[in-house]
Every structure is written in C-alpha cells, then in structure tokens.
Amino acid sequence: MTATTLLLAAGAIVFVLGVVVTLTVTDLIRRVIALNVASGGVMLILLRLADRGADPDPVPQALVLTGIVVMAAVTGLALTLARRVEGDGDDLEPDEDAAGGAP
Amino acid sequence: MIVDVVVIALLLAGTAFFVAGTVGLLRFPDLPTRLHAVAKADNLGLGLIVVALIIDEIARDPAPGAGIALKLLLVWTLALVGTAANSHLLAGHARADETAPERAADATVDREDEAP
Amino acid sequence: MNAWVILDAVLVGAVVLVAAVAVLVRSRAAATSAFLVFGILLALLWARLQAPDVAMAEAALGGGVAGALLADALERRRPPRPVRRRAPVPLILAIAAGAASAAELGPLARDNVADSGVSHPITAVLLNFRSLDTLLEIAVVVIAAVGAGAIARERVQPERGIDPIRRALASILIPILLLLSGWILAAGSTQPGGAFQAGAVLAAALIIGHLCGVPFTTPRGRGGAALAGIGVLCFVVLGVVGPATGGVWLQLDPAWAGAAILAVEAVLTIGIAVALAMISLAAGSRDASRRDDASRGATP
Chain A
1 MTATTLLLAA
11 GAIVFVLGVV
21 VTLTVTDLIR
31 RVIALNVASG
41 GVMLILLRLA
51 DRGADPDPVP
61 QALVLTGIVV
71 MAAVTGLALT
81 LARRVEGDGD
91 DLEPDEDAAG
101 GAP
Chain B
1001 MIVDVVVIAL
1011 LLAGTAFFVA
1021 GTVGLLRFPD
1031 LPTRLHAVAK
1041 ADNLGLGLIV
1051 VALIIDEIAR
1061 DPAPGAGIAL
1071 KLLLVWTLAL
1081 VGTAANSHLL
1091 AGHARADETA
1101 PERAADATVD
1111 REDEAP
Chain C
2001 MNAWVILDAV
2011 LVGAVVLVAA
2021 VAVLVRSRAA
2031 ATSAFLVFGI
2041 LLALLWARLQ
2051 APDVAMAEAA
2061 LGGGVAGALL
2071 ADALERRRPP
2081 RPVRRRAPVP
2091 LILAIAAGAA
2101 SAAELGPLAR
2111 DNVADSGVSH
2121 PITAVLLNFR
2131 SLDTLLEIAV
2141 VVIAAVGAGA
2151 IARERVQPER
2161 GIDPIRRALA
2171 SILIPILLLL
2181 SGWILAAGST
2191 QPGGAFQAGA
2201 VLAAALIIGH
2211 LCGVPFTTPR
2221 GRGGAALAGI
2231 GVLCFVVLGV
2241 VGPATGGVWL
2251 QLDPAWAGAA
2261 ILAVEAVLTI
2271 GIAVALAMIS
2281 LAAGSRDASR
2291 RDDASRGATP
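Protein chains in written order, with the numbering used here: chain A, 1 to 103; chain B, 1001 to 1116; chain C, 2001 to 2300.
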C-alpha cells in the first residue's frame, strides 16, 4: 500500500461519490456540487500520474487546468439553467418577455 | 532554535483564534454575533499567522525576506478590508431584511429537500 | 515517519471526508459550505503534488468562481418545488476512470520547451504544443457565457445609489486586482501563472466593480459577448497564420512564438474575465430584479 496507491484510491473514491450522487439525487444544486466533486476526483488521479520523476509532467497538468476552467463555466451555465427550471423564489407568475408573447 | 519556538508559538496562537472564531460561528444565535466571532478569527488569527511567517522568512534569508514580508502584510491588510466591508454589508442587509416581516432574517437557514 | 508524510496523509484524508460531506448532506447551504472547504483543500493538495499552476487555478476558479456562483444560488427564498422521485440508477454505472497519460508525451514536452517561446513548461504546453485544447476550451467558456446570458431572466443593470462603504471597497480592491491580474499574466511565461488565473482575478474585479457601481464594469448583452468572443477570434487568427506562412495550423515559429503567446494570453485574459463575469451575473443575485419590480409598480 504505497502512497501512490492510496492517492489513486482516494481519487477513485471521490469520483465515485460524485458520480453516484449526480445520478441519483433530484435536487439540482446538489447535483452540480456533486459533479464538481467528481471532477475533483478525476483531477486528483491525473495529477498524481503527472507527479512522477524529478520534474512533474506538464501535459496532464495542462489538461487539468483546462478542465478547471471548463468546470467553472459549466457550473455557471448549469446554475443559470437550474434557476430557470426551479423558478425564482419570489415570483408568483411566470415571466413575460418584453415583446409581450406567451411565457 | 529560539526563532523556531517563537514561530511555532505564534502559529499555534493564530490557530487558536481561528478555532475560537469557528466555534463562535457555529454556536452563536444570530448573524451579528456570528460576524463578531468570524471577524476575530480573520483579524487576529490571520495577523498572528502572518507575523509568524514573516519572522520565519526573515530569519531564513533577510534579503528577499523583506519583499515577502511586505507581500504577507498586504495579504493581511486586504483580509482586514474585506472582513470589515463584508461585516458592514451583511449586518446592514440583515437589519433591512428584519424590517420586512415576510422575509427570513437568518441567511443560514437551510432549505431541506423534499426528496433525497 | 516524516512530517511531510503526516501532512499529506491528513490532507488526503480530509479531502475524501469533505467530499463525502459535500455530496451526502441534504441541506443545500451545508453542501455549498462543504464544497468551498473542498476547493481550498484541493488547492493545497495540488500544491503538494507539485502543480502550482493548477493550485492557483483551483483556488481562483474552483473555490472562487464556482464557490461564489453556488453561494449566490442559495439566495433563493422559496424551497424548490418537489420533484417526482425516480428509481436510483444502479451503482455499477459509476466506475472509476483510471486515466493513463501516454508515457512519452511528458519528456517530449519538456525537451522542446526551449523552442516554444516561453520558459514555463505548463504555458508552453497550453499555448503552443496543445493550443488546440485551449482554443476549444475558450470556445466552451464563450458559449457558456452567451448561453447563460440568453437564459437569464433579468437584464443586468448597472447599480445606482451605492453607499460609501462599497465605493471605498471598490477603490481599494479594483486597482490591486488589476495589478495582480496583469502580473499573473506576465509571470506565466516563466513561473506558475498564465491567462486563466489572471482571467479569474480580472473577473472578480469586474464583478466587484459591478456590485459597487463602478461605471463600465457591467458586462452585458452584445458588448460583453463581443469582448468574450474576441479571445476566440484572435486565437483562430493566430492559428491561421501557420498555414498562411507555409506551415501547419496553429504552428508557432520559434522566432516570434514568445511574443505571440503573450499577446494571445492577454486577449484570452480579457475574454475569460468578461465571460466569467457574464456567467456570474446571469446565474446570480436577484437584487436588480427586486428593485426593478418595486419601481415598476403593478406588473402588466
């Protein structure tokens, strides 16, 4: 049971936790959080594989960096969608757009 | 050796303030008292830790240590500014919300799900 | 037993524990708080795994932007409408992804850093060797920004009537954030840093500016989308220069690669900042609409 095995196992556990909760929970905000947690697990595995030898391997690190930026943008879009799906708390009727069309 | 002891003592003191602030955040009844507790953690706790790091850096290598010390002080100053502004804005917002009877004042009331 | 080993063991254990808390608790506020802690612990872990660029990006984007978006989403007053309960998906669908990076790419990248125009290997990989990935990533961010802007209900308005505390806060924070963003951008050629971390810091400056009523900091509508899209366009133009001069698409000649990379990174920083600010304002606070409803009176 070396440190590498433990780190990879930790990454796998975190990923499984995130994916299972994303697929089984119905609350949208919690699913977004779980998706972020799952991506954290994948990043842990990638970065552990990058850290071999004296110098870290820059290719997986660049991939993880790209992944972080994409996850931030996707989280924002998912939260906007979730807000639209669930409806804002204080609204009592559907929103009507400026053209006066049906909501 | 004596420098190490001083640094560790300051770090422990700073951590103690953070623990106290967290306990206050969890146990105090409403928003203003919780802000009070968190502000102590941010100002004094972070300040002690920054001082410990500065002493450690300067003891290790005086020449670039001064630059790093200035940057650490800048970090602490920004944290102070942020905490002060946040406390003011949060407390004012909470007071404004309390005057509207149909709205909840406590920002940390949980929204429980209907389904797991 | 080394002290570092104990620190690493505690850190990894804490990461797994906080991840479990973040996904398993029922309350949204508790899950969001746990997720914020998860972000900070991940940043520390990346630093321990010799990935300082990734640690900076995780702190800025994962803990900062994503955390702020989630905390903003908590502001909803009414609990969500109950959704029809579905049967749980079988657990066998969740299989751990063991990623194996190709054993040859790492040394190949390191050996060619000298030709890439910058001296930091991560920046060389992102902006030169694997610039196609970065181009697609920027496109994803811009699409997300335009999509979020289209879905959001309220028109984002600049704030008015700001109290002196917020004005003072803005006058202190925004110059420092601008300086920090520029420095991280320039430092990315030789040290950990680069366009993404700088873009996240600049996005924070834009959001603070919007919330504190600073003029010209509200990214909205076509102007915002245009600024965000300029990053993608510049990247494509740079990519076309390769075939135009007889080479391959996205090829950077070592003679001017350094300057080209810095220029593209500068444009990317602005584009990412505007896109992230647009996403945050679209996903976020309701203060604008509440004020609009009050001033509009009876809804037609």
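Glycine included, each C-beta is placed from N, C-alpha and C at the ideal position.
Nearest to Val42 (chain A) (by Cα), restricted to the options A:Asp55, A:Ala54 and A:Pro60: Here the question's residue 42 (chain A) lines up with position 42 in the first sequence. Of the listed residues, the one whose Cα sits closest to Val42 (chain A) is A:Pro60.
Which listed residue (B:Gly1014, B:Ala1091, B:Val1081 and B:Val1006) has its alpha carbon closest to that of Leu1044 (chain B): Working through the second sequence from its first residue, we reach residue 1044 (chain B) at position 44. The candidate whose alpha carbon is nearest that of Leu1044 (chain B) is B:Gly1014.
Proximal chain C residues relative to His1036 (chain B), where beta-carbon distance stays under 9 Å: Numbered from its first residue, the second sequence carries residue 1036 (chain B) at position 36. Near His1036 (chain B) there are no residues of chain C at all, since even the closest Cβ is about 18 Å away, more than 9 Å.
Test item: CB-CB of Ile68 (chain A) and Leu2061 (chain C) under 8 Å: Taking the first residue of the first sequence as position 1, residue 68 (chain A) is located at position 68. Taking the first residue of the third sequence as position 1, residue 2061 (chain C) is located at position 61. In this structure, Leu2061 (chain C) lies closer than 8 Å to Ile68 (chain A) by Cβ.
Where the alpha helix (DSSP H) through Val32 (chain A) begins and ends: Numbered from its first residue, the first sequence carries residue 32 (chain A) at position 32. Taken as a continuous stretch (DSSP letters only), the alpha helix (DSSP H) holding Val32 (chain A) covers Leu28 to Ala50.
C-beta neighbour in chain C for Thr75 (chain A), strict 8 Å: Here residue 75 (chain A) is taken as the residue at index 75 of the first sequence, counted from 1. So yes, Thr75 (chain A) belongs to the interface.
Minimum C-alpha distance to Gly2117 (chain C) - residue among C:Ile2165, C:Leu2252 and C:Leu2108: What you label residue 2117 (chain C) is simply residue 117 of the third sequence in a count that begins at 1. Of the listed residues, the one whose Cα sits closest to Gly2117 (chain C) is C:Leu2252.
Cα-Cα separation, Val2123 (chain C) to Ala2055 (chain C): The count along the third sequence starts at 1 and reaches residue 2123 (chain C) at position 123. The count along the third sequence starts at 1 and reaches residue 2055 (chain C) at position 55. Contrary to the premise, residue 2123 (chain C) reads as Thr rather than Val in this sequence. Cα-Cα distance, rounded: 15 Å.
Residue-level contact to chain D via CB, Thr2 (chain A), 8 Å cutoff: The chain inventory of the structure shown lacks chain D, comprising the protein chains A, B and C.
Rounded straight-line distance, which links the Cα of Phe2129 (chain C) to that of Trp2249 (chain C): Here residue 2249 (chain C) is taken as the residue at index 249 of the third sequence, counted from 1. Here residue 2129 (chain C) is taken as the residue at index 129 of the third sequence, counted from 1. About 12 Å.
Members of the stretch 2045-2057 of chain C that neighbour chain A once the beta carbon cut-off is set at 8 Å: Leu2045, Trp2046, Leu2049, Gln2050, Ala2051, Asp2053, Val2054 and Ala2057
Distance between beta carbons of Val32 (chain A) and Thr75 (chain A), contact taken as under 8 Å: Walking along the first sequence from the start, residue 75 (chain A) turns up at place 75. Walking along the first sequence from the start, residue 32 (chain A) turns up at place 32. Indeed, because the Cβ distance is near 6 Å, the residues count as touching under 8 Å.
Neighbour list for Thr5 (chain A) in chain C, Cβ cutoff strictly below 8 Å: Walking along the first sequence from the start, residue 5 (chain A) turns up at place 5. Residues of chain C passing the Cβ test: none, with the nearest at roughly 12 Å.
Residues within the stretch 2144-2175 of chain C neighbouring chain B, beta-carbon criterion of under 9 Å: Asp2163, Ile2165, Arg2166, Ala2168, Leu2169, Ile2172 and Leu2173
Member of C:Phe2196, C:Ala2168 and C:Gln2197 whose CA lies at the smallest distance from the CA of Gly1082 (chain B): Position 82 of the second sequence, counting from 1, holds the residue named residue 1082 (chain B). Among C:Phe2196, C:Ala2168 and C:Gln2197, the Cα nearest to that of Gly1082 (chain B) belongs to C:Ala2168.
Spatially closest choice to Phe1019 (chain B) from B:Val1007, B:Val1038, B:Leu1010 and B:Ile1002, by CA coordinates: For the purposes of this step, residue 1019 (chain B) is taken as the residue at position 19 of the second sequence. The sequence as given places Val at residue 1019 (chain B); Phe does not occur at that position. Here the closest residue by C-alpha is B:Val1038.
Min CB distance Leu1025 (chain B) to chain C below 8 Å: By 1-based counting over the second sequence, the position of residue 1025 (chain B) is 25. For Leu1025 (chain B), the answer is no, since every Cβ of chain C falls outside 8 Å of its Cβ.
Of the listed residues A:Ala3, A:Phe15 and A:Ala12, nearest to Val2010 (chain C) (C-alpha basis): Start at 1 with the first residue of the third sequence, and residue 2010 (chain C) comes out as number 10. The candidate whose alpha carbon is nearest that of Val2010 (chain C) is A:Ala3.
Spatial distance of Ala1066 (chain B) from Pro2192 (chain C) (CA atoms): The count along the second sequence starts at 1 and reaches residue 1066 (chain B) at position 66. The count along the third sequence starts at 1 and reaches residue 2192 (chain C) at position 192. Each residue's Cα considered, the two are about 22 Å apart.
Spatial neighbours of Arg2028 (chain C) in its chain, beta-carbon cut-off 7 Å, leaving aside the 5 residues before and after: Residue 2028 (chain C) sits at position 28 when you count from the first residue of the third sequence. Answer for Arg2028 (chain C): Leu2074, listed in chain order.
Cβ separation of Ala2198 (chain C) and Leu2185 (chain C), assumed to be a contact under 8 Å, to the nearest whole Å: If you number the third sequence from 1, residue 2198 (chain C) lands on position 198. If you number the third sequence from 1, residue 2185 (chain C) lands on position 185. That pair is a contact at about 4 Å.
Rounded C-alpha distance that separates Val2146 (chain C) from Arg52 (chain A): Start at 1 with the first residue of the third sequence, and residue 2146 (chain C) comes out as number 146. Start at 1 with the first residue of the first sequence, and residue 52 (chain A) comes out as number 52. Between Val2146 (chain C) and Arg52 (chain A), the C-alpha separation is close to 40 Å.
For Asn1043 (chain B), three-class secondary structure by DSSP: Position 43 of the second sequence, counted from the first residue, corresponds to residue 1043 (chain B). Reduced to three states, the DSSP call for Asn1043 (chain B) is helix.
Any alpha helix (DSSP H) of 4 or more consecutive residues that is wholly inside the stretch 2128-2186 of chain C: 2131-2151
Gly11 (chain A) beta carbon less than 8 Å from that of Leu35 (chain A): Here residue 35 (chain A) refers to the residue found at position 35 when the first sequence is read from its first residue. Here residue 11 (chain A) refers to the residue found at position 11 when the first sequence is read from its first residue. Not closer than 8 Å, so no.
Inside the stretch 2032-2074 of chain C only - alpha helix (DSSP H) runs reaching at least 4 residues: 2052-2057 and 2067-2073
Cβ contact check for the stretch 2273-2284 of chain C and the stretch 2204-2218 of chain C: 3 or more pairs under 8 Å: yes
Beta carbon proximity, Ile2122 (chain C) to chain A, threshold 8 Å: Residue 2122 (chain C) sits at position 122 when you count from the first residue of the third sequence. Interface residue, yes.
At least three beta-carbon pairs within less than 8 Å, the stretch 2218-2233 of chain C to the stretch 2125-2143 of chain C: yes
Straight-line Cα distance separating Val2005 (chain C) from Ala1009 (chain B): The count along the second sequence starts at 1 and reaches residue 1009 (chain B) at position 9. The count along the third sequence starts at 1 and reaches residue 2005 (chain C) at position 5. Their backbone Cα atoms lie some 22 Å apart in a straight line.
Asp2008 (chain C), DSSP secondary structure in three states: Position 8 of the third sequence, counting from 1, holds the residue named residue 2008 (chain C). The answer is helix: DSSP assigns Asp2008 (chain C) an H, G or I state.
Closer than 8 Å to chain C by CB, Ala1046 (chain B): Walking along the second sequence from the start, residue 1046 (chain B) turns up at place 46. Note that residue 1046 (chain B) is Leu in the sequence shown, not Ala. No, because no Cβ of chain C sits closer than 8 Å to the Cβ of Leu1046 (chain B).
Residues that Thr2134 (chain C) contacts on chain A, provided the C-beta gap is smaller than 7 Å: In the third sequence, the residue the question calls residue 2134 (chain C) occupies position 134. The answer, in chain order, is Thr66.
CB contact below 8 Å: Ala2030 (chain C) versus chain A: In the third sequence, residue 2030 (chain C) corresponds to position 30, counting from 1. So, not an interface residue.
Nearest-angstrom Cα separation, counted from Leu1035 (chain B) out to Gly40 (chain A): Taking the first residue of the first sequence as 1, we reach residue 40 (chain A) at position 40. Taking the first residue of the second sequence as 1, we reach residue 1035 (chain B) at position 35. Roughly 31 Å between the two C-alpha positions.
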